[in-house]
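For the sequence shown, the numbering used here assigns the number 19 to the initial residue and increments by one for each residue that follows.
Note that beta-carbon positions come from the ideal geometry of N, C-alpha and C, so glycine has one too.
This structure is a prediction, so every number in the text was calculated from the model and none was measured.
A short write-up of the structure that comes next.
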Amino acid sequence: MSDSPVIRRVRDLVAPIVSDLDLDLYDVEQRGSTMRVTIDTPPNSEAGVDMDQLALATRLISRELDHEDPIPGRYTLEVTSPGVERTLRTPAHFQREIGKTISVRLANTEAEQRRFEGVLVAADDTTATIRLHGDGTGGDEVDERVIALADVDRARTVFVWGPKPKPGGKHAPKKKSQQKQHSQQSKSKNKETS
19 MSDSPVIRRV
29 RDLVAPIVSD
39 LDLDLYDVEQ
49 RGSTMRVTID
59 TPPNSEAGVD
69 MDQLALATRL
79 ISRELDHEDP
89 IPGRYTLEVT
99 SPGVERTLRT
109 PAHFQREIGK
119 TISVRLANTE
129 AEQRRFEGVL
139 VAADDTTATI
149 RLHGDGTGGD
159 EVDERVIALA
169 DVDRARTVFV
179 WGPKPKPGGK
189 HAPKKKSQQK
199 QHSQQSKSKN
209 KETS
């Protein structure tokens, strides 16, 4: 997908600001009257973008866009992080997410399989290689599919939940006997304060 001249100009204005904040410019897109600038921490960072970073980036980007005025007409600026399940639109997005589980829908309806999910094992400027596990029904067979990025209609990362907490662990629900005991203690305290 080719960016419009307005998007390219906004990207050129915003990239140095984001870089000065030690962040990455993940994406710039315009939908209707909303100009969305998506920023992220550098690859392999332990944490994501926090609210203070978003607020500062928003102020600086807004000031620059107001000064340069690259967007015709009225618009709403939205500065955001890509989130846990992030959209993959560019080759750089795919390259950044190697090793993660992704979901892909192909634009070509003649393809044998139009939708699939698997681990992204490689990506370059024109293709991505996805390791599919089984036939989607839990089989053990491993298959790799090389797709042309030009054929991708939609793609995103998939958040994979970790294991369930162990019984009796920190986040486990209380047993009925513990709830009953807690309830009785609360009643006793209420009587003492009366």
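{"Asked": "Inside the region 109-182 only - alpha helix (DSSP H) runs reaching at least 4 residues", "Found": "109-114"}
{"Asked": "Nearest residue (CA-CA) to residue 34, options 75, 147, 111, 180", "Found": "75"}
{"Asked": "Residue 54: first and last residue of the uninterrupted beta strand (DSSP E) it sits in", "Found": "52-58"}
{"Asked": "Identified DSSP bridge partners for residue 48", "Found": "53"}
{"Asked": "Own chain, CB closer than 6 Å to residue 28, minus 5 neighbours either side, in chain order", "Found": "46, 88"}
{"Asked": "Exposure of residue 100, with buried meaning 16 or more beta-carbon neighbours within 10 Å", "Found": "buried"}
{"Asked": "Limits of the alpha helix (DSSP H) - the one that residue 82 falls within", "Found": "69-86"}
{"Asked": "Enclosing alpha helix (DSSP H) for residue 97 [first to last residue]", "Found": "Where residue 97 is concerned, there is no enclosing alpha helix (DSSP H), although the beta strand (DSSP E) it sits in stretches over 94-98."}
{"Asked": "Residue from 121, 107, 54, 68 whose Cα sits closest to the Cα of residue 39", "Found": "68"}
{"Asked": "DSSP three-state assignment for residue 40, whether helix, strand or coil", "Found": "coil"}
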